[in-house]
Amino acid sequence: MNLRAYDSLDNPPAVDESKRRALIPLTVIAQVFGLGAVIMCIVWLGYYHGGYDWNNPTLVFNYHPVFLVLGMVFCFGDVAEIA
Numbered sequence: 001m002n003l004r005a006y007d008s009l010d011n012p013p014a015v016d017e018s019k020r021r022a023l024i025p026l027t028v029i030a031q032v033f034g035l036g037a038v039i040m041c042i043v044w045l046g047y048y049h050g051g052y053d054w055n056n057p058t059l060v061f062n063y064h065p066v067f068l069v070l071g072m073v074f075c076f077g078d079v080a081e082i083a
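Per the UniProt record's numbering, numbering through the sequence shown is continuous, rising by one, with the last residue being 83.
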């Protein structure tokens, strides 16, 4: 893709219909793997690391990896597909 073909993001280059149709299954697959990673992290910390508790300082930290996976893997994966 020639990035100099347009001056700004207000006028992006056109995408063929075949590439656009291929994006839908890739998006679904990425969503499934992202949700799988979030669910596995929740189960791993909930079952093997004592669960989650706002009143116990050691168990409060168990929220941190879940939010990291949710934000950095799941949400960033969605943004990387769009960009």
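Beta carbons: idealized from backbone N, C-alpha and C, even for Gly.
State the start and end residues of the unbroken alpha helix (DSSP H) segment that holds residue i.
i, result
"F67", "Y63 to L68"
"A37", "E17 to Y48"
Is residue i helix, strand or coil by DSSP?
i, result
"A80", "helix"
"G71", "helix"
Pull up the distance between the alpha-carbon of residue i and that of residue j, whole angstroms please.
i, j, result
"C75", "H49", "25 Å"
"F33", "Y63", "20 Å"
"I41", "A30", "A small correction: the amino acid at residue 41 is Cys; Ile does not occupy that position in the sequence shown. About 17 Å."
"F61", "N55", "11 Å"
"P57", "L45", "15 Å"
"V69", "Y47", "17 Å"
Contact defined as beta carbons within less than 8 Å: I believe residue i pairs with residue j. What is the distance between those atoms, to the nearest angstrom?
i, j, result
"V73", "A37", "5 Å"
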